[in-house]
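Q: After the structure tokens below, expect a handful of questions from me.
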Amino acid sequence: MLTEEISSDAEFAEQLAALLHAPSHQHTGSRVTPSRTSRGPLTTNNTRARRWSLAAGIVLAVLVVALAAYGGVRLFDNDDDPPRNAPAEPSTTRPGDRAAALPPTADTVRRILPDRSSMDAREYPWAGTPDVRRTSATGLSICRAAPTCRMATAVGAVTFGRGENEGENRAEFLVIAFPDDAAAHKAYVDIVQDIEEADPGSRKVELEPRGDESQGIDQDGTDTENNPTERHINRSLIFRQGAFIGIAHQMDDPTEQRSTRIHGLSALLADRIAKAEAGKSL
């Protein structure tokens, strides 16, 4: 097809022939007539065979020019591109650019514990002073049947309520830090497995899950001596999240929210531990 197009355009063929220093053919009307073409020292006969040879040469020249032009464009377009088989450049993201998990220390436990601004002042107008210690958790009542609590690196607790000496509607948060996830898991399993042994008044219940693993606990808060007819609910959620064990404890709640208030308390504590695990500010 390309040779036919070239053969039908005498001027185009003449220009290409001049570029190649090769003979062209002359057209008269619709017929091609033999002639002699002279260009400088070169003189050729315009025969049929010669015309076909010329057409083939022109086709080849067009292809060479086209490929050269394409190669030039590609060369400029990809001048900055790496070689196809070159190894990928290292990532510009450095390990230090990513936030590291906060260490399981007393300072981290103190930051995890909810503060005054975290709690609804109408529900809990009184806020206690956080108690944080760099010690194992073996002295905690909840760890009485869990010897693995000795692996703890720090323990902290804080209480909110209606008043320091008033038991109505109180909330307590406890956080235990461990050297790593494995140690925290072992302690969590011991606590949950033996919770009913450690506290015969406790029973396991289903509550909204938190963290990596969690267990709900109910305790009968009825004061049989002073208020035998008024039943209070003490409800806890124990959960492990990474290297931390968190306990949200709802105490002495006589209100209609006594069965659901624990969900908000545990969600608050779980969110703060998750931020510490992600290295975020608290």
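Letter 106 of the sequence shown, counting from 1, is numbered 106 in the UniProt record's numbering, and no numbers are missing.
We put the CB at the ideal spot given by N, CA and C, even for glycine.
The structure presented is a predicted model; accordingly, all values stated were derived computationally and were not measured.
Measuring only the C-alpha atoms, how far is glycine 116 from valine 158?
A: Here residue 116 refers to the residue found at position 116 when the sequence shown is read from its first residue. Here residue 158 refers to the residue found at position 158 when the sequence shown is read from its first residue. The question names glycine, but residue 116 is arginine in the sequence shown. Computed Cα separation, rounded: 10 Å.
Q: So for leucine 237, helix, strand or coil by DSSP?
A: By 1-based counting over the sequence shown, the position of residue 237 is 237. In the structure shown, leucine 237 sits in a strand (DSSP, three-state: E or B).
Q: How about alanine 276 and alanine 184: are their beta carbons less than 8 Å apart?
A: Within the sequence shown, the letter at position 276 stands for residue 276. Within the sequence shown, the letter at position 184 stands for residue 184. Their beta carbons are not under 8 Å apart, which means alanine 276 does not touch alanine 184 by this criterion.
Q: Could you tell me if tyrosine 124 is buried or exposed, where buried requires 16 or more neighbouring beta carbons within 10 angstroms of its beta carbon?
A: Taking the first residue of the sequence shown as position 1, residue 124 is located at position 124. Looking at its Cβ environment, which holds 16 or more other Cβ atoms inside 10 Å, tyrosine 124 is buried.
Q: Can you look up leucine 102 in the DSSP assignment and give me helix, strand or coil?
A: In the sequence shown, residue 102 corresponds to position 102, counting from 1. Of the three classes helix, strand and coil, the one that applies to leucine 102 here is coil, per DSSP.
Q: Looking at the strands, I want to know which residues DSSP matches up with histidine 263.
A: On the sequence shown, position 263 is the one that residue 263 refers to. Answer by DSSP bridge pairing: none, since histidine 263 is not bridged.
Q: For methionine 251, does the three-state DSSP call read helix, strand or coil?
A: As a position in the sequence shown, residue 251 is number 251, starting the count at 1. Strand, per DSSP.
Q: For arginine 210, does the count of other Cβ atoms within 10 angstroms reach 16, so buried, or fall short, so exposed?
A: Taking the first residue of the sequence shown as position 1, residue 210 is located at position 210. Buried, since its Cβ has 16 or more Cβ neighbours within 10 Å.
Q: For a quick check, are the C-beta atoms of valine 132 and alanine 154 less than 8 Å apart?
A: Translated into positions along the sequence shown, residue 132 becomes position 132. Translated into positions along the sequence shown, residue 154 becomes position 154. In contact: valine 132 and alanine 154 (Cβ atoms closer than 8 Å).
Q: Give me the Cα-Cα distance between leucine 237 and aspartate 199, rounded to the nearest whole angstrom.
A: One-based indexing of the sequence shown puts residue 237 at position 237. One-based indexing of the sequence shown puts residue 199 at position 199. Distance between the alpha carbons of leucine 237 and aspartate 199: 15 Å.
Q: Which two residues bound the contiguous alpha helix (DSSP H) that contains glutamate 197?
A: One-based indexing of the sequence shown puts residue 197 at position 197. Glutamate 197 -> alpha helix (DSSP H) spans 195 to 198.
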